[in-house]
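Residue numbers (the UniProt record's numbering): 1 to 885.
No residue lacks a Cβ here, since even glycine has one placed at the ideal position from N, Cα and C.
Values in this document were obtained by computation on a predicted structure and should not be read as measured data.
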């Protein structure tokens with residue numbers, strides 16, 4: 001296999017020697033016992049810091065991991081998977097086709113980099129994938145003496161600390177990012193969960209670092225919200241007409257109010273100025289217009305439990321913990337007539353770009369990265385390497401069918417499904433929104449076709465894994481909103497494991513519940529009804545359902561054991577061992593049918609993927625196509641388009657639509673090179689626009705990021721220090737210096753000068769005494785004043801320390817640290833609001849032929865200078881006035 005690769009692929013040739021070294025070691029590793037294999041970890045850890053021959057370390061660690069994988073999972077890394085691991089180890093992106101085993105590939109560089117003891121993070125797009133990979137791949141690391149951790153949404157601080165302190169931690173991108181922000185808001189080291197970053201592998205790297213990078217991670221607090229204004233604004237816009245009172249820019253997702261619209265709204269509200277700074281209405285009106293014209297139900301959000309839940313346009317999943325900012329979410333709630341929750345204020349934020357750049361070593365893997373290679377290199381300094389497939393690709397990507405309108409297109413898709421399903425070939429249909437997926441489902445129902453629907457609706461999400469796993473079954477039609485990061489392979493003929501788990505779950509729950517009601521189950525008739533007749537199977541099943549511990553398991557716990565049984569090597573309980581035996585028996589029983597079904601579906605042409613609309617990004621289209629033709633399987637894909645699709649309408653241009661309308665004679669499709677090029681060009685424009693947006697976000701956040709790094713570094717120093725006494729003294733002395741500098745040249749009399757100082761320090765400094773003595777004298781010399789104030793401050797500080805220590809020993813040290821941290825957070829929060837306003841303000845300066853980014857940098861620097869001064873003044877002011885009363 002590798003010899004063929006060397007002749008065709010430069011990436012394989014590059015790693016030829018290393019792959020050969022790893023393969024040579026394979027025989028040696030096979031002779032080792034489990035204990036001896038585990039001992040290799042300690043040996044490699046010992047030599048890792050001093051080993052000069054990096055190839056020796058890489059070859060041995062990869063060979064050890066491959067052998068551990070064979071023993072635990074029964075999976076051997078192919079040579080191309082080894083190449084993928086080598087690419088990841090060098091801090092690059094490995095592009096591997098769907099079904100090529102990216103999850104297994106990641107174990108190779110993960111084990112090697114975990115030898116440092118500094119921890120490795122495997123970042124996934126959702127909790128399901130993180131949990132699945134930690135359970136299954138974790139067996140490899142545990143056999144080799146390493147421990148693994150898993151971060152889930154509702155974990156406590158202690159649980160997070162334990163899981164982050166492991167050698168390998170599986171975590172979602174959002175949980176990791178929010179933990180970083182929360183750590184930098186902690187008031188105690190015990191609340192910090194993350195260690196210093198070491199090495200990170202990002203799964204579905206394009207989805208996380210590009211698609212999700214358009215929105216920064218934000219932690220916010222609720223603030224007072226003018227709910228009435230949201231409600232009134234939602235009613236007012238009903239009296240406005242598009243292109244008369246306002247204009248909609250679909251490309252930029254923006255709304256512009258016309259002069260006529262401004263007059264109309266001011267008339268309705270009976271106000272003089274819509275833009276009045278003391279009582280502004282304009283943000284409420286703009287958000288109300290956006291919510292009506294640009295954000296739609298079952299497209300951008302769904303309604304669940306009387307709340308607006310955002311739908312991720314790239315993954316098709318709901319995001320219950322996310323809310324649109326700047327009042328947009330409240331505007332959508334007002335539009336839908338739902339309870340309006342309070343608005344929020346940002347207290348901490350970071351973009352994905354700047355967050356992942358914090359890792360000293362970063363790598364990623366996906367099936368579609370090459371089209372975004374330029375952005376990966378410019379923003380993240382990550383190059384993309386295409387890894388050859390283990391088997392030749394047999395997928396056939398057919399040319400697009402283009403129809404004159406939406407009705408013709410959807411009818412053609414339904415007819416195609418009817419014709420293809422009649423033959424038995426499985427079909428996977430990709431739609432762009434929840435609304436369109438449900439519309440197509442209704443249309444297929446009218447054609448009397450059965451289907452499985454997978455979209456962001458909760459009732460469908462619960463069955464996600466099962467739906468995707470059985471999408472390759474003969475005659476199945478599956479409708480899905482998006483196929484990125486689904487985490488389950490589509491196996492031609494159906495997935496036996498999912499089928500038998502469901503079958504066994506039915507058996508176990510049936511008999512457990514029967515026993516609970518005191519009825520004697522007729523086990524033989526039930527099993528015979530399922531086509532099972534193994535005496536050993538019946539015996540083990542009877543023993544299991546009579547096990548007292550099993551009797552008290554809930555249905556959910558039974559399901560969890562079933563899902564994990566094939567992923568664990570050592571069973572904790574007898575009933576787990578019994579369940580694993582029953583699953584293996586069912587697998588043997590189903591295997592012959594699985595092989596037969598697989599052959600039938602292959603002969604039918606494999607999975608047929610239908611795209612109902614081109615996505616904004618070509619990567620998303622490629623992700624959909626990639627669901628078929630996995631690991632050398634046959635398959636085909638085709639997109640059904642109409643010239644009034646969103647992409648055509650926004651970016652295709654009116655001329656294309658007008659020209660092509662004349663080409664349609666009836667409902668027959670066109671296969672036009674001109675239109676295909678037009679679609680590709682439109683996608684390119686959208687991608688360029690999206691990149692410009694992310695680049696804009698990155699450039700502006702880069703300014704804030706430098707400031708964030710300074711603040712977070714100082715904050716961590718304070719958090720980790722045993723005492724901040726020197727910091728407090730430095731703050732006080734600097735405040736005095738700043739105050740005396742402020743007084744220079746202002747010709748203030750002593751009494752006025754001392755009143756300014758007293759306002760800051762209070763009367764604890766004995767400035768009133770010197771004020772009385774020198775009331776008739778000339779102004780004190782600045783140096784003399786500073787010297788006196790320094791001495792008085794030091795004395796006042798010591799008195800305050802003694803006063804508080806007498807009341808409660810040790811309280812002053814905790815108070816000092818807490819005061820500094822609290823005021824750093826308060827001042828930083830206010831700074832974020834100012835920076836947000838500044839970014840909006842400088843945007844208009846472009847019209848005056850001035851560079852907005854340059855202006856932003858200049859003024860951001862001035863704003864940042866104020867942060868330290870304000871923090872010092874607040875800390876000293878509060879500390880001097882503190883008491884235990």
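Using alpha carbons as the reference points, say which of the options lies closest to residue i.
i, options, result
"residue 66", "585, 734, 24, 90", "24"
"residue 148", "129, 154, 168, 671", "168"
"residue 412", "794, 489, 667, 81", "667"
"residue 496", "540, 590, 428", "590"
"residue 360", "92, 172, 855", "92"
"residue 489", "509, 211, 479, 465", "465"
"residue 787", "628, 734, 802, 154", "734"
"residue 436", "475, 347, 645, 593", "645"
"residue 713", "329, 184, 55", "184"
"residue 492", "688, 540, 597", "597"
"residue 684", "722, 631, 620", "620"
"residue 336", "35, 305, 635", "305"
"residue 851", "609, 26, 467, 699", "699"
"residue 398", "813, 246, 609, 544", "609"
"residue 707", "348, 69, 669", "348"
"residue 224", "345, 237, 279", "345"
"residue 444", "679, 432, 420", "420"
"residue 384", "96, 189, 650", "96"
"residue 836", "48, 216, 159", "216"
"residue 211", "428, 376, 865, 869", "376"
Do residue i and residue j have their C-beta atoms closer together than 7 Å?
i, j, result
"residue 38", "residue 138", "no"
"residue 426", "residue 472", "yes"
"residue 298", "residue 105", "no"
"residue 85", "residue 108", "yes"
"residue 130", "residue 164", "no"
"residue 309", "residue 227", "no"
"residue 605", "residue 633", "no"
"residue 80", "residue 393", "no"
"residue 891", "residue 624", "For residue 891 there is no data in the structure shown, the boundaries of the chain being 1 and 885."
"residue 586", "residue 500", "yes"
"residue 724", "residue 858", "no"
"residue 442", "residue 642", "no"
"residue 222", "residue 342", "yes"
"residue 718", "residue 820", "yes"
"residue 311", "residue 456", "yes"
"residue 365", "residue 94", "yes"
"residue 88", "residue 61", "no"
"residue 834", "residue 863", "yes"
"residue 19", "residue 120", "no"
"residue 31", "residue 140", "no"
For residue i, which beta-bridge partners are listed by DSSP?
i, result
"residue 640", "401"
"residue 246", "242, 257"
"residue 714", "Partner(s): none; residue 714 has no beta bridge."
"residue 670", "402"
"residue 386", "95"
"residue 439", "Residue 439 is not bridged to any residue."
"residue 478", "428, 452"
"residue 319", "310"
"residue 348", "219"
"residue 201", "122, 363"
"residue 693", "BP columns for residue 693 are empty, so no partner."
"residue 608", "427, 636"
"residue 394", "634"
Rounded to the nearest angstrom, how far is the Cβ of residue i from that of residue j, given a contact under 8 Å?
i, j, result
"residue 612", "residue 430", "7 Å"
"residue 274", "residue 281", "5 Å"
"residue 350", "residue 177", "7 Å"
"residue 832", "residue 860", "Not quite, the Cβ-Cβ distance comes to about 11 Å (not below 8 Å), so this is no contact."
"residue 317", "residue 615", "In fact, because the Cβ distance is near 16 Å, the residues do not count as touching under 8 Å."
"residue 479", "residue 454", "7 Å"
Does chain D have any CB closer than 7 Å to the CB of residue i?
i, result
"residue 374", "Of the chains in the structure shown, none is chain D; there is only one protein chain."
Inset, instruction - Scan the segment 63-137 and note each continuous beta strand (DSSP E) run of 3 residues or more that stays entirely inside, going in chain order. - result: 93-95, 120-124
Legend entry - Residue ranges of each alpha helix (DSSP H) within the segment 352-388, 4 or longer: 352-356
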